[in-house]
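First residue of the sequence shown: 42, per the working numbering; consecutive thereafter.
Here a beta-carbon is modelled for each residue, glycine too, at the ideal position from N, C-alpha and C.
For clarity, every value in this text was computed on a predicted model and none was experimentally measured.
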Amino acid sequence: MEIIKKYFPDLMPAQLGQFEAFEPIFAEWNSKINLISRNDMQHFYERHVLHSLAIARYIRFAPGTRILDVGTGGGFPGLPLAICFPDSDFLLVDSIGKKIKAVGSMAQALGLSNVRTIQQRVETIDEKFDFIVSRAVTSLPEFVGWAASKFHGHSRNT
42 MEIIKKYFPD LMPAQLGQFE AFEPIFAEWN SKINLISRND MQHFYERHVL
92 HSLAIARYIR FAPGTRILDV GTGGGFPGLP LAICFPDSDF LLVDSIGKKI
142 KAVGSMAQAL GLSNVRTIQQ RVETIDEKFD FIVSRAVTSL PEFVGWAASK
192 FHGHSRNT
C-alpha cells in the first residue's frame, strides 16, 4: 500500500481507504476463483494495482469521461482506475462469468458507484468510449481490431 501513497500522494482519505480495503476483498475472491497467482498476492499493490495506475501518472480523466476496460479479468486496470477517478464512468467487460461476478462484487464492496460490469465479448458492445484500456488480454493488432469501433475519438482529456 505504501507504494501507492508514494506515487499518488494526492489521493483523498476515502480513496486511500478504498485501496486499503481492496487487497483483503480481492484476496477473498482470489481464494475462490484464482484471479491471479496465489504466490503473486504478496506483490498485489506493486504488480497489479500500481501497474494498472500507470496511465494515471500521465492522463487525468475529466469528470464524465467514459472508460472501457476490455478483458478486465480480476478487475485490472478498471477497479484501481475507478478508485482514482470517481467522477469518471467505467465499464468493465469480461467474457468469463465467474470473473465478472467477482469484479462486480468487489466494486460494490468498495463503494464504486462509477463502475458497471458486464459479461460479454467486447465485439458485441454497442457503446462509445473516450478511452479503452486493457491489461494482458491479446496482441495489440487484435486488440485494436476489437476496440477501434468502440472509441468515439473526441475526448475532453489531455
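Alpha-carbon spacing of residue i relative to residue j, whole angstroms
| i | j | result |
| --- | --- | --- |
| residue 128 | residue 183 | 30 Å |
| residue 137 | residue 63 | 21 Å |
| residue 133 | residue 79 | 23 Å |
| residue 93 | residue 125 | 11 Å |
| residue 85 | residue 66 | 12 Å |
| residue 211 | residue 100 | Residue numbering for the chain in the displayed model covers 42 to 199; residue 211 lies beyond these limits and cannot be assessed. |
| residue 45 | residue 117 | 15 Å |
| residue 90 | residue 112 | 16 Å |
| residue 161 | residue 81 | 27 Å |
| residue 58 | residue 121 | 12 Å |
| residue 106 | residue 139 | 28 Å |
Simplified DSSP state of residue i, which is helix, strand or coil
| i | result |
| --- | --- |
| residue 175 | strand |
| residue 85 | helix |
| residue 159 | strand |
Terminal residues of the beta strand (DSSP E) in which residue i lies
| i | result |
| --- | --- |
| residue 109 | 107-111 |
| residue 166 | Careful: residue 166 lies outside any beta strand (DSSP E) and carries neither H nor E. |
| residue 134 | 130-135 |
Any non-hydrogen atom of the ligand ADP closer than 8 Å to residue i Cβ
| i | result |
| --- | --- |
| residue 78 | The model on display carries no ligand, and the ligand ADP is accordingly not part of it. |
Inter-residue CB distance, residue i and residue j (contact presumed, cutoff 8 Å)
| i | j | result |
| --- | --- | --- |
| residue 173 | residue 159 | Wrong, their Cβ atoms sit about 15 Å apart, outside the cutoff. |
| residue 143 | residue 74 | 6 Å |
| residue 191 | residue 109 | 6 Å |
| residue 168 | residue 187 | Not really, about 14 Å apart at Cβ, beyond 8 Å. |
| residue 48 | residue 88 | Contact doesn't hold; Cβ gap of about 14 Å is too wide. |
Run of the alpha helix (DSSP H) containing residue i, from where it starts to where it stops
| i | result |
| --- | --- |
| residue 141 | 138-150 |
| residue 122 | 119-125 |
| residue 67 | 54-74 |
| residue 45 | 43-48 |
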